[in-house]
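**Q** According to mature numbering (1 follows the signal peptide of the UniProt record, and there is no 0), the residues represented by the sequence shown are -20 to -1, 1 to 473, in order.
We treat Cβ as the ideally placed atom computed from N, Cα and C, and that holds for glycine.
Before anything else, here's the structure in question.
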Amino acid sequence: MARPFVRLFLLILASVLALAPGVLPDARAAQTKDAAKAAPPAKAPSAVKAPTAKNGDGKQAKAPRNGAVRPDKPKETASGPAPKKQSKVRVTDVQVYSGQDYSRIVAVLSGEVPFRWQLLPPDPASGGVRHLYVDLDGVVIPPGTRSRFDVKGDVARKARLGYFKPDVARLVVEVENLKSQNVFVLENPFRVIVDVQGEASKTPAKSPGKSAPGKAPSDKTPEGKARPGKLPAPKAEADEPPASPGVNLATPARKKMARQLVEQLGLTVRTVMVDAGHGGRDSGARGPGRLWEKDVNLRAAKLLARHLERMGFEVLMTRTQDKYVPLEVRTAMANARKADLFISLHCNAHGDPGSTGMETYSLNLASTPAEVRVAARENSVDSKRISDMQKLLDELMHASKLTESRDFARSAHQAALAQARKSIDLRDRGVHEAPFYVLLGAKMPAILVEMGYITNPAEAAKLREDKYLDGLTQGIAQGVKAYKERIERFAAN
């Protein structure tokens, strides 16, 4: 009897609720809302990729009606609108370092990208000025990025950054009196570096005084076809032959080389750039008891500068305090100030605390796993990357002073080792060659000295002592003096 009554009551109640507005949500609305939650968001149509610059095959951009070829002019300035297709890689900085007849322009990027570069013929419409451009594919120039740069020097006058195409950023450098040029990359972070060298000026660089830090301000390549800048494909290991033995200046050929070197250096070695490796946020290797490589290097650099000054050399320093200096800036400082020699001081490190000894390097391709390991550590890249870059580095170093640097390395190494062994039984690890970023692009003989293993407890204890570093750097200075005297002696005979 109760069941029919209950059913009737529920039917009446449902009717009342259905007629009352806002009491129950609309069924269709609820279904739509549930469907919206369950359905995935609609996929946006893929963007159409803009065409890349055609300069990679050597073709120039379309000339204006008056016949003047101006393919280097950016379509938009760096402060203009960004391309519609946003890229994860962006320009983070553009740095300029310049001297009297040398300039280095560095484009710092947030990631690795392919690039091309080309040196255009002189432009009659602009008084014979030449334009060297670098196209960076898929790069965004953030709003507010500086777009124009005055380069104070006799070779590079101006530089500008802008969009050549919606997905191609272009860096253009205006040059005059150009002798040679080079474009290469460094990593961590990824940087595209433009080096331009002008005809040597007869006016010497202004002397900065004793132990002044160098002011922060390879080479010939055919013209015409744009050069691809992408790193070569990875290889399992370098296939270059071992480095040749050191130079014997007693041979007639080496006497001729010495005479040429003396002429290039202005009859003698006057100015030495001393580089204290690492610094600032780059601490280098760590030894026992929080002994940091950057601190040892700086103490040694100041001691070496003092010994060289006493011998009559003018000394420049890449840093005189705990400051970060990018690797590409260090040789740029030496080039801009026309230093005659470059010495970079470091401490070695190894996972085996039993590793000991001193070794000295000049710039060249690495030929042993140990040389690759040391170069990888100092360059802040992994060992495999060093092997991948061997062919690229080989191209860059054609015009470098490899022979002179190798002989300079031997002279400094032997003298420093002899002096250090007066206070410690220091193992001789020899003179080697490897592709160090800090030596790349140096226009003068350049070496890197690994003063000892900071990861070895006994050698780390010695590296803490100023007395030991004083003797070691005194030996390096004596090696500089011996090298100077030797090339002058053979040049005179």
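Assign R469 to one of two classes, buried (16 or more other C-beta atoms within 10 Å of its C-beta) or exposed (fewer than that).
**A** By the neighbour-count rule (16 or more Cβ atoms within 10 Å), R469 is not buried but exposed.
**Q** Tell me the DSSP bridge mates of S263?
**A** Its beta-bridge partners do not exist; DSSP assigns none.
**Q** DSSP on I467, reduced to helix/strand/coil?
**A** Correct three-state label for I467: helix.
**Q** Applying the 10 Å Cβ sphere with the 16-neighbour rule, what's the burial state of P104?
**A** Under this definition P104 is an exposed residue.
**Q** Over what stretch of residues does the beta strand (DSSP E) that includes T383 continue unbroken?
**A** Not the beta strand (DSSP E): T383 falls in the alpha helix (DSSP H), residues 382 to 400.
**Q** In the DSSP output, what is Q177 paired with across the bridge?
**A** Looking at the DSSP assignment, Q177 forms a beta bridge with Y82, S160.
**Q** Can you check DSSP and say which residues form a bridge with Y341?
**A** Y341 pairs with H412, L428.
**Q** Any chance you could list the beta strand (DSSP E) runs of at least 3 consecutive residues sitting entirely within the stretch 244 to 321, in chain order?
**A** Counting whole runs of 3 or more residues, the stretch 244 to 321 contains the beta strand (DSSP E) stretches 251 to 256, 294 to 297.
**Q** Report yes if the CB atom of D332 is closer than 7 Å to the CB atom of T298, and no otherwise.
**A** Not a contact, by the Cβ cut-off of 7 Å.
**Q** Let's test the definition: count the other Cβ atoms within 10 Å of the Cβ of Q399 and tell me whether it reaches 16, buried, or not, exposed.
**A** It counts as buried.
**Q** Please report the Cβ distance between V76 and V131, rounded to the nearest whole angstrom; I am assuming they are in contact, meaning their Cβ atoms lie under 8 Å.
**A** Contact holds; Cβ gap of about 5 Å.
**Q** Where E154 and R317 are concerned, what is the direct C-alpha to C-alpha distance, given to the nearest angstrom?
**A** In a straight line, the C-alpha of E154 is about 21 Å away from that of R317.
**Q** Since D81 and V135 are thought to touch, with beta carbons under 8 Å apart, how far apart are those beta carbons, to the nearest angstrom?
**A** Rounded, the Cβ-Cβ distance is 6 Å, consistent with contact.
**Q** As a quick exercise: from T72, V165, L116, pick the residue whose alpha carbon is nearest that of R84.
**A** Ranking the options by Cα distance to R84, first place goes to V165.
**Q** Specify the secondary structure class of A216 as computed by DSSP and reduced to three states.
**A** Unreliable positioning characterises A216 in this predicted model, as indicated by a pLDDT of 31, which lies under 50. The coordinate reading is nonetheless provided below. Three-state DSSP puts A216 in coil, outside helix and strand.
**Q** Exposed or buried, Y113, counting other C-beta atoms within 10 Å across all chains shown (16 or more means buried)?
**A** Y113 should be labelled buried.
**Q** With a threshold of 7 Å on Cβ separation, who are the neighbours of P268 within its own chain once the five nearest residues in sequence on each side are excluded?
**A** The residues are P437, A440.
**Q** Answer with yes or no whether the minimum CB distance from A389 to chain B is below 7 Å.
**A** Absent from the structure is chain B; it holds one protein chain and no more.
**Q** Alpha carbon to alpha carbon, how far is A457 from E289? Give it in angstroms, no decimals.
**A** Cα to Cα, the separation comes out at about 9 Å.
**Q** Specify the secondary structure class of S127 as computed by DSSP and reduced to three states.
**A** Three-state result, S127: coil.
**Q** Can you name the start and end residues of the alpha helix (DSSP H) that K442 belongs to?
**A** Here the alpha helix (DSSP H) through K442 covers 437 to 443.
**Q** Report the residue from K68, N328, L89, N277 whose alpha carbon sits nearest the alpha carbon of R150.
**A** If we check each option's Cα against that of R150, L89 comes out closest.
**Q** For S324, which residues from the same chain have a beta carbon less than 6 Å from its beta carbon, with the 5 sequence-adjacent residues on both sides left out?
**A** Contacts found: D255, G257, V418, L428.
**Q** Per the DSSP calculation, L449 is bridged to which residue(s)?
**A** Answer by DSSP bridge pairing: none, since L449 is not bridged.
**Q** Here's a check: name, in chain order, each residue in its chain whose Cβ is nearer than 6 Å to the Cβ of A389, leaving out the five neighbours to either side.
**A** Correct list, in chain order: T340, S342, V411, I427.
**Q** Can you tell me whether K461 is helix, strand or coil according to DSSP?
**A** In this structure, K461 counts as helix in the three-state DSSP scheme.
**Q** Can you tell me the Cα-Cα spacing of L99 and V109, whole angstroms?
**A** Using only the alpha carbons, I get a separation of about 11 Å.
**Q** In terms of DSSP beta bridges, what is D134 paired with?
**A** None, per the DSSP bridge assignment.
**Q** Helix or strand or just coil, what does DSSP make of G455?
**A** If DSSP states are grouped into helix, strand and coil, G455 belongs with the helices.
**Q** Give me the Cβ distance between A280 and T435, rounded to the nearest whole Å; I'm assuming they're in contact under 8 Å.
**A** Their Cβ separation, rounded to whole angstroms, is 17 Å, which puts A280 and T435 out of contact at 8 Å.
**Q** Can you give me the C-alpha to C-alpha distance between G91 and G451, rounded to a whole angstrom?
**A** Going by the C-alpha atoms only, they are around 43 Å apart.
**Q** Give every residue of the same chain whose Cβ lies closer than 8 Å to the Cβ of E273, excluding the five residues on either side of it in the sequence, and list them in chain order.
**A** If we look at E273 and ignore the five residues flanking it on each side, its Cβ neighbours are G257, H258, S263, G264, A265, R266, G267, H326, C327, A329, I434.
**Q** Give me the residue from S160, K68, K138 with the minimum Cα distance to V74.
**A** Measuring from the Cα of V74, the nearest candidate turns out to be K138.
**Q** By the three-class DSSP mapping on this structure, what secondary structure does L100 have?
**A** In the structure shown, L100 sits in coil (DSSP, three-state: anything other than H, G, I, E or B).
**Q** Bridge partners for E167 per DSSP, in chain order?
**A** DSSP lists no partner for E167.
**Q** Looking at A285: is its Cβ nearer than 7 Å to the Cβ of V295?
**A** Yes, these two residues count as a Cβ contact at 7 Å.
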